[in-house]
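Residue numbers (UniProt numbering): 1 to 275. C-beta: ideal position from N, C-alpha, C; glycine also.
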């Protein structure tokens with residue numbers, strides 16, 4: 001069993017091809033809460049630069065601090081005790097957040113320029129995906145965007161979480177990222193081409209989200225589940241710690257503004273139905 005892989009370019013087509021693609025996206029939102037987009041319009045050259053600068057940033061600016069971190073020392077201490085306990089309240093993850101107005105890593109050549117360009121492209125893709133959701137839900141074009149912005153304007157939260165999951169000497173003792181649903185809206189993940197570890201919970205089973213070169217993984221968060229009156233799922237997911245490979249994960253979040261009030265769209269009813 002694998003999450004849907006969808007050719008996003010076909011929503012620009014017509015007739016049967018477009019209808020089938022729209023149905024695939026609806027199924028991804030309703031039955032899975034996760035799907036992968038290929039041919040999504042983000043330039044391949046840009047994605048290759050993103051890989052280069054994000055991995056370079058970890059090696060140059062983050063790696064040594066992670067090696068000497070409290071997390072690393074706690075894991076070593078626990079492994080030596082051999083008492084069967086796990087580190088339950090932490091994640092085996094190096095992470096920082098990119099916003100338009102916060103401090104970014106500054107030592108890696110090309111990092112800021114590349115990631116600013118990438119964030120602009122991902123925000124446009126998020127809004128295109130939301131327009132498809134509007135159509136599939138029977139809402140007028142731009143409904144979700146306007147709801148998330150709290151009206152007209154550009155007030156929605158758009159943040160990018162840059163994570164690395166380094167090789168873990170004792171992956172049985174710690175989570176890469178603890179199981180959770182995403183509290184926000186639409187999440188766009190550019191994950192590692194080679195190192196897996198991301199899993200979603202489907203019908204009571206944890207299923208791997210297989211790496212697919214230069215695909216963008218879309219998942220729907222809690223606020224989309226609310227707005228869709230439960231038609232679209234906010235799915236539990238996690239990342240496993242692994243002994244080999246340094247997993248790169250770049251997740252961008254298009255979330256409601258603090259000014260926004262999210263409720264089921266009137267066209268979809270007022271009583272939230274969660275399946």
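Rounded separation between residue i and residue j - CA only
| i | j | result |
| --- | --- | --- |
| residue 251 | residue 134 | 22 Å |
| residue 128 | residue 82 | 50 Å |
| residue 59 | residue 95 | 13 Å |
| residue 199 | residue 164 | 16 Å |
| residue 141 | residue 151 | 14 Å |
| residue 217 | residue 74 | 32 Å |
| residue 9 | residue 70 | 45 Å |
| residue 283 | residue 139 | Nothing in the structure corresponds to residue 283, since the chain is present only between 1 and 275. |
| residue 237 | residue 206 | 8 Å |
| residue 43 | residue 106 | 24 Å |
| residue 176 | residue 25 | 28 Å |
| residue 28 | residue 120 | 24 Å |
| residue 32 | residue 76 | 37 Å |
| residue 49 | residue 117 | 10 Å |
| residue 166 | residue 231 | 36 Å |
| residue 15 | residue 62 | 49 Å |
| residue 80 | residue 186 | 41 Å |
| residue 64 | residue 196 | 23 Å |
| residue 22 | residue 132 | 7 Å |
| residue 34 | residue 149 | 23 Å |
| residue 38 | residue 45 | 15 Å |
| residue 204 | residue 160 | 30 Å |
| residue 168 | residue 125 | 33 Å |
| residue 3 | residue 104 | 33 Å |
| residue 245 | residue 178 | 19 Å |
| residue 227 | residue 235 | 15 Å |
| residue 78 | residue 92 | 14 Å |
| residue 156 | residue 30 | 24 Å |
| residue 174 | residue 202 | 22 Å |
| residue 57 | residue 267 | 46 Å |
| residue 233 | residue 265 | 15 Å |
| residue 72 | residue 171 | 12 Å |
| residue 275 | residue 208 | Only weak support is given to the placement of residue 275: the predicted model assigns it a pLDDT of 49, under 50, and the value that follows is read from those uncertain coordinates. Using only the alpha carbons, I get a separation of about 22 Å. |
| residue 147 | residue 154 | 11 Å |
Outcome for residue i when other beta-carbon atoms lying within 10 angstroms are tallied against a minimum of 16
| i | result |
| --- | --- |
| residue 18 | exposed |
| residue 255 | buried |
| residue 36 | buried |
| residue 258 | exposed |
| residue 6 | buried |
| residue 248 | buried |
| residue 13 | exposed |
| residue 68 | exposed |
| residue 269 | exposed |
| residue 261 | exposed |
| residue 241 | buried |
| residue 85 | exposed |
| residue 263 | exposed |
| residue 1 | exposed |
| residue 89 | exposed |
| residue 213 | exposed |
| residue 20 | exposed |
| residue 225 | buried |
Near the ligand SAM: residue i beta-carbon under 7 Å from a heavy atom
| i | result |
| --- | --- |
| residue 165 | The ligand content of the structure shown is nil, which means the ligand SAM is not present either. |
Sequence ranges, beta strand (DSSP E) only - wholly within the UniProt domain "Fe2OG dioxygenase" (156-256), length at least 3: Within the UniProt domain "Fe2OG dioxygenase" (156-256), the complete beta strand (DSSP E) runs of at least 3 residues are 157-165, 177-180, 186-191, 198-202, 205-208, 216-220, 237-239, 247-255.
Three or more C-beta pairs below 8 Å linking the stretch 178-187 and the stretch 216-228: Yes: at least three Cβ pairs fall under 8 Å.
Residue ranges of each beta strand (DSSP E) within the stretch 82-124, 3 or longer: The qualifying runs are 87-91, 94-98.
In chain order, each alpha helix (DSSP H) run of at least 4 residues that lies wholly inside the stretch 2-39: For the alpha helix (DSSP H) assignment, the uninterrupted runs of no fewer than 4 residues enclosed by the stretch 2-39 are, from N- to C-terminal side, 15-27.
Validate contact between the stretch 112-122 and the stretch 47-57 using beta carbons, cut 8 Å, 3 pairs: Yes, since at least three Cβ pairs between the stretch 112-122 and the stretch 47-57 fall closer than 8 Å, the two stretches touch.
Inter-stretch contact at 8 Å, needing at least 3 Cβ pairs: the stretch 87-105 / the stretch 186-197: A contact between stretches requires three or more CB pairs, one per stretch, nearer than 8 Å, and the stretch 87-105 fails this requirement with the stretch 186-197.
Entirely enclosed alpha helix (DSSP H) segments - the stretch 53-79, minimum 4 residues: Correct list: 63-67.
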